[in-house]
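Per my numbering, residue 624 is the first one in the sequence shown, and the count goes up by one each step. Reading through the structure tokens given below for one structure.
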Amino acid sequence: IKSLTRNLFEMSGAAREDTGVRRGNEIDEMRIAVTKLSEATEEREAAQREAASTAKALASKAEALKGIPSIIAQIAGADGETLQAIADSLRGSFSGVVVLGSSASSGGPVTLLASVSPEFTSKVQAGKIIQAIAPIVGGKGGGKPDNARGGGKDAAKLEEALTAETYFTPQEAVAAGLADRVSDSVR
Numbered sequence: 624i625k626s627l628t629r630n631l632f633e634m635s636g637a638a639r640e641d642t643g644v645r646r647g648n649e650i651d652e653m654r655i656a657v658t659k660l661s662e663a664t665e666e667r668e669a670a671q672r673e674a675a676s677t678a679k680a681l682a683s684k685a686e687a688l689k690g691i692p693s694i695i696a697q698i699a700g701a702d703g704e705t706l707q708a709i710a711d712s713l714r715g716s717f718s719g720v721v722v723l724g725s726s727a728s729s730g731g732p733v734t735l736l737a738s739v740s741p742e743f744t745s746k747v748q749a750g751k752i753i754q755a756i757a758p759i760v761g762g763k764g765g766g767k768p769d770n771a772r773g774g775g776k777d778a779a780k781l782e783e784a785l786t787a788e789t790y791f792t793p794q795e796a797v798a799a800g801l802a803d804r805v806s807d808s809v810r
């Protein structure tokens, strides 16, 4: 930031040879811009530290679902960017499936995110997870096999969406005792 400030001041001097109020205003504007940039950088770094801390806590609570390490969690008050930052932080230390959901308030919109490590995308895909759970919260979404996002309107059903079984095929759900039979329309 300091070198950026110095460069801005040098460019200002080289670009303008006039002095006085006009140049003083330009310098003040540059100082304000540098201050805002510095504050934004600090906020972003703080958010990244918070995401890394949350990711570390979540990784310690991973469980295996159908033999795949999985993290399924509700993160209070997080927006889509925060959920993505948490998933990105997990990528370096966790290999498996991550499904995160959040709602800013009990009546507010719902944000969903799924992330699947490359070695598991042949078994489960993030886009399909989001397509399966987003309708539960009255929404939609999708994405790629390794990362997908979605949302909805019904925050009251967020927990239901996050606990919905999305890893079983219809036949596996019957075999595991989670369903009585497979509908003819699904076969």
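Glycine residues also receive a C-beta, built at the ideal position from the N, C-alpha and C atoms.
Between the options, which lies nearest to residue i when the distance is taken from Cα to Cα?
i, options, result
"A674", "E782, L723, K780 and D769", "L723"
"S775", "V720, I709, V760 and Q748", "What sits at residue 775 in the sequence shown is Gly, not Ser. Of the candidates V720, I709, V760 and Q748, the one whose C-alpha sits nearest the C-alpha of G775 is V760."
"Q748", "L706, A678, S693 and G703", "S693"
"F713", "D702, S676 and K689", "Inspection of the sequence shows that residue 713 is occupied by Leu rather than by Phe. Among D702, S676 and K689, the Cα nearest to that of L713 is on S676."
"P732", "D651, D777 and K679", "D777"
Provide the residue span of the alpha helix (DSSP H) that contains residue i, from first to last.
i, result
"A708", "G703 to R714"
"K763", "Not the alpha helix (DSSP H): K763 falls in the beta strand (DSSP E), residues K763 to G766."
"A755", "A749 to I756"
Mark residue i as exposed unless 16 or more other C-beta atoms lie within 10 angstroms of its C-beta, in which case mark it buried.
i, result
"V809", "Only weak support exists for where V809 lies, its pLDDT of 45 falling under 50; the value from the coordinates is given anyway. Exposed: under 16 other Cβ atoms inside 10 Å."
"V805", "exposed"
"S725", "buried"
"I655", "exposed"
"A687", "exposed"
"G690", "exposed"
"A663", "exposed"
What residue does the beta strand (DSSP E) around residue i start on, and which one ends it?
i, result
"T734", "V733 to V739"
"A687", "E686 to L688"
"A771", "N770 to G775"
Is the beta carbon of residue i sitting closer than 8 Å to the one on residue j?
i, j, result
"L681", "A696", "yes"
"G764", "A771", "yes"
"V721", "A710", "yes"
"S740", "S716", "no"
Is there contact here, the stretch 748-763 with the stretch 662-670, by at least three beta-carbon pairs under 8 Å? Inter-segment contact for the stretch 748-763 and the stretch 662-670 is absent: fewer than three beta-carbon pairs are separated by less than 8 Å.
For the pair the stretch 775-783 and the stretch 736-748, tell me if three or more CB-CB distances fall below 8 Å. No contact exists between the stretch 775-783 and the stretch 736-748.
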